[in-house]
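In our numbering, the protein residues as written are 1 to 259.
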């Protein structure tokens, strides 16, 4: 299928590895020029070179922290008029809410809620004026199936989803859609960090937990990042203009509800 987005410009954060990288690669394969923002220079530059070599599209690296005003300014200097915006941020390590301070909560909301909202504020009006825009937020299944050890993520990501529900209905008449991807367990660096945060002295090993989480999923496996990337690319396509404000679970069937 021709997605109809060749030559479009995408601005992506958190796309130097994992699921964000898979989204970047999927868009590049359909001819979208990329600007990728990440904090670690060597990983970022390696990813940009890999995507460019594989697809031939323009891939611009921006080293910075998208949760800061300077990071956002640098991103928009490199890509001032994006057609596609991907917001993606690592979740915090698992823990007990009794141990979290106000600073922990503020940092979580900055990364997973306030920064994506600010990036939308800075780009959505231009998209509406130009008559095309696709905004994708990689969130988490935790907004549908809360996980006790991920309280910071449960709260911050649910706030972002709630905000998007309102904004997405205001923009769709201008051919600007906003949707959220809710991944379950994926074979990614983030999943490794999550399990590492669950390890306890004398408890189960990393390998035990890794295998048990896969076995407990109806698909009996972890998701592949490229599978999520494909969904992202379609939602960014010209064919997806009638889909907005949706929270799309990509979780191998682990969510048990009918609706």
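For each residue, glycine too, the CB sits at the ideal point set by N, CA and C.
Fair warning: this is a prediction, and the values are worked out from it, not measured in the lab.
Looking only at C-alpha atoms, which of 198, 208, 29 sits nearest to residue 226? Measuring from the Cα of residue 226, the nearest candidate turns out to be 29.
Look up residue 201 in the DSSP assignment and say whether it is helix, strand or coil. In the displayed model, residue 201 falls within coil according to three-state DSSP, outside both helix and strand.
CA nearest to the CA of residue 90, picked from 77, 115, 96: Nearest to residue 90 by alpha-carbon distance, out of 77, 115, 96, is 115.
DSSP puts residue 176 in a beta bridge; with which residues? Paired residue(s): 133.
Is residue 168 closer than 7 Å to residue 153 when the C-beta atoms are compared? Cβ atoms of residue 153 and residue 168: not closer than 7 Å.
Beta strand (DSSP E) containing residue 61: first to last residue? Taken as a continuous stretch (DSSP letters only), the beta strand (DSSP E) holding residue 61 covers 59–63.
If you measure between the beta carbons of residue 189 and residue 39, is that distance less than 7 Å? Residue 39 sits away from residue 189, with the two beta carbons spaced by 7 Å or more.
Can you give me the Cβ contacts of residue 261 inside the same chain, cut-off strictly under 7 Å, excluding the 5 residues immediately before and after it? Residue 261 is absent from the model: the chain starts at 1 and stops at 259.
Contacts around residue 254, its chain only, beta-carbon distance under 6 Å, and the 5 residues preceding and following it disregarded: 184, 217.
Continuous alpha helix (DSSP H) assignments of at least 4 residues falling wholly in the segment 103–163: Counting only runs of 4 or more, we get 115–130.
Enumerate in chain order the residues of its own chain whose CB-to-CB distance from residue 107 is below 8 Å, with the five nearest sequence positions on each side excluded. Only 92 meet the Cβ criterion.
Cutting at 8 Å between CB atoms, please list the residues of its own chain near residue 58, excluding the five before and the five after it. Closer than 8 Å at Cβ, skipping near neighbours: 33, 34, 52.
From this set, 122, 81, 200, which residue's C-alpha is nearest residue 94's C-alpha? For residue 94, the nearest C-alpha among the options comes from 200.
Whether residue 120 touches residue 176 by CB criterion (7 Å): No; because the gap between Cβ atoms is not below 7 Å, this pair is not in contact.
Residue from 132, 105, 24 whose Cα sits closest to the Cα of residue 232: When only C-alpha atoms are compared, the closest one is 24.
Please classify residue 208: is it buried, with 16 or more other beta-carbons within 10 angstroms of its beta-carbon, or exposed? It is exposed - the Cβ of residue 208 has fewer than 16 other Cβ atoms within 10 Å.
Cβ contact (3+ pairs, closer than 8 Å) linking the segment 69–77 and the segment 42–51: Segments in contact, no.
Alpha helix (DSSP H) segments (min. 4 residues) lying fully within the segment 32–58: Counting whole runs of 4 or more residues, the segment 32–58 contains the alpha helix (DSSP H) stretches 41–55.
With DSSP as the reference, please indicate the residues paired to residue 249 in a beta bridge. When DSSP reads this structure, residue 249 sits in a beta bridge with 182.
Which residues in the same chain as residue 197 place their Cβ atom closer than 8 Å to its Cβ, once the five residues preceding and following it in sequence are excluded? Hits under 8 Å: 93, 94, 95, 149.
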